[in-house]
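J.: Top line first, the protein sequences correspond to chains A and B. With the working numbering applied, the first sequence covers -17 to 159. With the working numbering applied, the second sequence covers -17 to 159. Questions regarding the structure given below will be posed in turn.
Protein chains: 2
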Amino acid sequence: MSAAWAIAHEQGLGAMTLHEVARRVGLRQPSLYVYVESKLDLYDAMFAQANAELLARVDRAGESGSAREQLLRLSRVVLDFAVEDPARQQLLFTRSIPGFTPSAQSYALAEQLIQRTSRLLAELGCGPPQADVYTALIAGLCAQQIANDPGGDRWTRHLEPMLELFLDHFPDSSEPR
Amino acid sequence: MSAAWAIAHEQGLGAMTLHEVARRVGLRQPSLYVYVESKLDLYDAMFAQANAELLARVDRAGESGSAREQLLRLSRVVLDFAVEDPARQQLLFTRSIPGFTPSAQSYALAEQLIQRTSRLLAELGCGPPQADVYTALIAGLCAQQIANDPGGDRWTRHLEPMLELFLDHFPDSSEPR
DNA sequence: GTCTATACTAAGATAGAC
DNA sequence: GTCTATCTTAGTATAGAC
Chain A
-17 MSAAWAIAHE QGLGAMTLHE VARRVGLRQP SLYVYVESKL DLYDAMFAQA
33 NAELLARVDR AGESGSAREQ LLRLSRVVLD FAVEDPARQQ LLFTRSIPGF
83 TPSAQSYALA EQLIQRTSRL LAELGCGPPQ ADVYTALIAG LCAQQIANDP
133 GGDRWTRHLE PMLELFLDHF PDSSEPR
Chain B
-17 MSAAWAIAHE QGLGAMTLHE VARRVGLRQP SLYVYVESKL DLYDAMFAQA
33 NAELLARVDR AGESGSAREQ LLRLSRVVLD FAVEDPARQQ LLFTRSIPGF
83 TPSAQSYALA EQLIQRTSRL LAELGCGPPQ ADVYTALIAG LCAQQIANDP
133 GGDRWTRHLE PMLELFLDHF PDSSEPR
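Spelled out as structure tokens, the structure:
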């Protein structure tokens, strides 16, 4: 697993091949089939691992404070997590690996985060349409940060002001139709 | 070119191979080397063509009205263009094709749009940091729309309300630090 | 300009010995 | 569990005939 992550981290998720993984762990490529059923199976294990790690961090960020404070903290944790490792972000939040869809078991982990966020948003007066705007905000900062200033904070530093603006004005008004 | 776009459109940009292009135009793969120097060269031609098309649409959207109206129209044209064809969006706005960077000549076209947008933003009191927020807004709507509701408008319909909110509140206040 | 033939690379996966 | 050997597929690119 860590060899697979290392490759994804260094050269992108698409460069992660079973040959290269085997090379790094000092085995021949066919030997890996003792541990994984296929390459997609390995992706699934990585997906589950990354989601578990994210959930752990969100938990560590705690549940204290108002719903608004909690949402701000949760958003910061998620954004930092995503921006920290572009390959991981690609695996978790985009559907861009040909042939890969997470198994039901792995996806259940991802669901937990979605539930948690939706609940907080609902408490703050944001229904599903506003929640879409929220996800677009996060996704936009994340995409721009990774693409144009990897390792920096040129976009991520706008998270809190944007969320404040969003929470102050979007929940009630501005609903299109 | 149109065969290449058709493949990208149907199966994604990564599925565009010289073999498949040749198949579609009734040639053998080596014959394509009369027309392109390499696969990356073909990507570059596609990049230039798509940028030219986008610029043409932006021009057609006209320059009448206030800076605010112009920015709203330009943003709508760009967002619709990007969402319309995910493969094209990937080629133009993400840097996710291994080994591909646009030639200086092709990139000059992309620069024109950037210039135009920056000028409008500046007229509306948005400096570079606010322009970053603007690009994140567009990128976020675009990414979510393509990933989660392709062909629909679940995210893109929020464009105008979000821009209004952004222009009304972000230019002066909310600047982090 | 187009072809055939081929070199080269590299991937995922399987068979069967040890 | 690990290996060698191999199958199968598919890609980019080049050489040289026509």
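Every residue, glycine too, gets a C-beta built ideally from N, C-alpha and C. Since this is a predicted model, take the numbers as computed values, not measurements.
Which residues of chain B have a Cβ atom closer than 7 Å to the Cβ of residue 115 of chain A, listed in chain order?
T.: Start at 1 with the first residue of the first sequence, and residue 115 of chain A comes out as number 133. Under the 7 Å cutoff, chain B gives 140 and 144.
J.: Use the C-beta contact count for residue 1 of chain A: other C-beta atoms within 10 angstroms, 16 or more gives buried, fewer gives exposed.
T.: The residue labelled residue 1 of chain A in the question sits at position 19 within the first sequence. Exposed, by the Cβ-count rule.
J.: What does a CB cutoff of less than 8 Å around residue 241 of chain B pick up in its chain, not counting 5 residues either side in sequence?
T.: With chain B represented from -17 up to 159, any question about residue 241 of chain B goes unanswered, as that position is not in the structure.
J.: Chain A beta carbons: is any one of them nearer than 8 Å to that of residue 80 of chain B?
T.: The residue given as residue 80 of chain B occupies position 98 in the second sequence. Closer than 8 Å: yes.
J.: Given that residue 77 of chain B touches chain A, what residues does it touch there, using C-beta distances under 8 Å?
T.: One-based indexing of the second sequence puts residue 77 of chain B at position 95. Within 8 Å Cβ-Cβ: 129.
J.: Might you give, ordered along the chain, the residues of its own chain that have their beta carbon closer than 8 Å to the beta carbon of residue 159 of chain A, omitting 5 neighbours on each side?
T.: Taking the first residue of the first sequence as 1, we reach residue 159 of chain A at position 177. Unreliable positioning characterises residue 159 of chain A in this predicted model, as indicated by a pLDDT of 39, which lies under 50. The coordinate reading is nonetheless provided below. Cβ neighbours of residue 159 of chain A beyond the five flanking positions: none.
J.: Assuming residue 122 of chain A and residue 119 of chain B are in contact, meaning their beta carbons sit under 8 Å apart, how far apart are those beta carbons, in whole angstroms?
T.: The residue labelled residue 122 of chain A in the question sits at position 140 within the first sequence. The residue labelled residue 119 of chain B in the question sits at position 137 within the second sequence. Contact holds; Cβ gap of about 6 Å.
J.: Using a Cβ-Cβ cut-off of 8 Å, state whether residue 73 of chain A counts as contacting chain B.
T.: Counting from one through the first sequence, the residue named residue 73 of chain A turns up at place 91. No - not a single Cβ of chain B is within 8 Å of the one on residue 73 of chain A.
J.: Which bits of chain A does residue -4 of chain B rub up against, with CB to CB less than 8 Å?
T.: Position 14 of the second sequence, counted from the first residue, corresponds to residue -4 of chain B. Result: 80.
J.: Taking only the alpha-carbon atoms, compute the straight-line gap between residue 132 of chain A and residue 60 of chain B and give it to the nearest angstrom.
T.: As a first step, residue 132 of chain A is located in the first sequence; it is residue number 150 there, counting from the start. As a first step, residue 60 of chain B is located in the second sequence; it is residue number 78 there, counting from the start. Their Cα atoms are separated by approximately 24 Å.
J.: Just the chain A side, please: which residues come within less than 7 Å of residue 56 of chain B by C-beta, in chain order?
T.: Locating residue 56 of chain B in the second sequence gives position 74, counting from the first residue. None at all; the shortest Cβ gap to chain A is about 17 Å.
J.: Where residue 90 of chain A and residue -1 of chain B are concerned, what is the direct C-alpha to C-alpha distance, given to the nearest angstrom?
T.: Working through the first sequence from its first residue, we reach residue 90 of chain A at position 108. Working through the second sequence from its first residue, we reach residue -1 of chain B at position 17. Residue 90 of chain A and residue -1 of chain B: Cα-Cα distance of roughly 36 Å.
J.: Return the CA-CA distance between residue 23 of chain A and residue 40 of chain A, expressed in angstroms with no decimal places.
T.: Position 41 of the first sequence holds residue 23 of chain A. Position 58 of the first sequence holds residue 40 of chain A. Cα to Cα, the separation comes out at about 26 Å.
J.: Output the distance between the C-alpha atoms of residue 147 of chain B and residue 101 of chain A, rounded to the nearest integer angstrom.
T.: Within the second sequence, the letter at position 165 stands for residue 147 of chain B. Within the first sequence, the letter at position 119 stands for residue 101 of chain A. Cα-Cα distance, rounded: 24 Å.
J.: Strictly below 7 Å CB to CB, what residues from chain B border residue 136 of chain A?
T.: To locate residue 136 of chain A, count along the first sequence from 1; it is residue 154. By Cβ distance, chain B contributes 114.
J.: Between the Cα of residue 139 of chain B and those of A:48, A:18, A:115 and A:-16, spot the shortest distance and give me the residue it belongs to.
T.: Translated into positions along the second sequence, residue 139 of chain B becomes position 157. It is A:115.
J.: Taking CB distances under 8 Å as the criterion, tell me whether residue 126 of chain B reaches chain A.
T.: For the purposes of this step, residue 126 of chain B is identified with residue 144 of the second sequence, where counting begins at 1. Yes - at least one Cβ of chain A is within 8 Å of the one on residue 126 of chain B.
J.: Could you check whether residue 11 of chain A and residue 4 of chain A sit closer than 8 Å to each other, using their CB atoms as the reference points?
T.: In the first sequence, residue 4 of chain A corresponds to position 22, counting from 1. In the first sequence, residue 11 of chain A corresponds to position 29, counting from 1. Yes, the Cβ-Cβ distance between residue 4 of chain A and residue 11 of chain A is below 8 Å.
J.: Identify whether residue 83 of chain B lies in helix, strand or coil by the three-state DSSP scheme.
T.: By one-based count along the second sequence, residue 83 of chain B stands at place 101. Coil, per DSSP.
J.: Please work out which residues of its chain come closer than 7 Å, Cβ to Cβ, to residue 57 of chain A, disregarding the five sequence neighbours upstream and downstream, and give them in chain order.
T.: As a working mapping, residue 57 of chain A is identified with position 75 in the first sequence. Excluding sequence neighbours, residue 57 of chain A sits near 120, 141 and 145.
J.: Beta-carbon within less than 8 Å of residue 45 of chain B's beta-carbon, same chain only, minus the 5 sequence neighbours each way: which residues are those?
T.: In the second sequence, counting from the first residue as 1, residue 45 of chain B sits at position 63. 52, listed in sequence order.
J.: How many angstroms separate the CA atom of residue 117 of chain B from the CA atom of residue 76 of chain A?
T.: As a working mapping, residue 117 of chain B is identified with position 135 in the second sequence. As a working mapping, residue 76 of chain A is identified with position 94 in the first sequence. Answer to the nearest angstrom: the Cα atoms are 19 Å apart.
J.: Could you tell me the distance, in whole angstroms, from the CA atom of residue 55 of chain A to the CA atom of residue 70 of chain B?
T.: Along the first sequence, one-based indexing puts residue 55 of chain A at 73. Along the second sequence, one-based indexing puts residue 70 of chain B at 88. So the alpha carbons of these two residues sit roughly 35 Å apart.
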